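Everything below concerns the one structure shown next.
Numbering (the numbering used here), first residue to last: 241 to 278.
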């Protein structure tokens, strides 16, 4: 699993977790807004 560039893995993992966090927040915001508008 360890490659020639070990510093690249945490950056990719952090970027992916940040992307998923923003996606979850966006989906929750859409669900809450649709719930309040209905």
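The beta-carbon is built from N, C-alpha and C at its ideal position, and this holds for glycine as well. In this text, all values refer to a predicted model and were calculated from it rather than measured experimentally.
Just the C-alpha distance for residue i and residue j, rounded to the nearest angstrom, thanks.
i	j	result
residue 277	residue 262	22 Å
residue 266	residue 255	16 Å
residue 259	residue 271	18 Å
residue 268	residue 274	10 Å
residue 264	residue 257	10 Å
With a threshold of 9 Å between beta-carbons, can residue i be considered close to chain C, or not?
i	result
residue 271	In summary, chain C is missing from the structure at hand, where a single protein chain is found.
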